[in-house]
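In my numbering, the protein residues as written are 573 to 678. We put the CB at the ideal spot given by N, CA and C, even for glycine. This structure is a prediction, so every number in the text was calculated from the model and none was measured. One structure is given here, and the rest of the page talks about it.
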């Protein structure tokens, strides 16, 4: 059976994350996108240590949509190099899995 895929990414603001998240759900590349505001980040970028406010987005999808989901995120994401971490799920509640599969794909 197909596996659930979670994708972790960040955005500069909640509105952008919600707009891109909604487009992914409408395109059936994701069943849900959770947007968690209020994150503070410290990161290395082009030789400097930076600080900034960001929001986290956790995208719930299916493993077979990994490539089209990543392509859509890269095309829509405002960051030059967006963080895209693929988090395979070892197991999911059967009802949760059924819902994700029914809301994504063809």
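Inset, instruction - Answer yes if the region 634 to 652 comes into contact with the region 607 to 616, meaning at least three C-beta pairs across the two stretches below 8 Å, and no otherwise. - result: No: the two stretches stay apart, fewer than three of their Cβ pairs being nearer than 8 Å.
Inset, instruction - State the CB to CB distance for the pair residue 587 and residue 635, rounded to an integer number of angstroms; the pair is presumed to be in contact (CB under 8 Å). - result: So it is not a contact: roughly 29 Å between Cβ atoms.
Inset, instruction - Classify residue 594 as helix, strand or coil using the three-state DSSP reduction. - result: Here DSSP, grouped into helix, strand and coil, assigns residue 594 to helix.
Legend entry - residue 608 - partner residues in DSSP beta bridges: In the DSSP output, where bridge partners are listed per residue, residue 608 has 628.
Inset, instruction - Evaluate contact between the region 660 to 672 and the region 610 to 627, counting only Cβ atoms and requiring at least three cross-stretch pairs below 8 Å. - result: Contact annotation: the region 660 to 672 does not touch the region 610 to 627, with fewer than three C-beta pairs closer than 8 Å.
Inset, instruction - Could you give the DSSP three-state label for residue 579: helix, strand or coil? - result: Shown here, residue 579 sits in a strand according to DSSP, grouped into three states.
Inset, instruction - Take residue 671 and list the residues in its own chain whose beta-carbon comes closer than 8 Å to its own, dropping the five residues that flank it on each side. - result: Excluding positions up to five away in sequence, the list reads 603.
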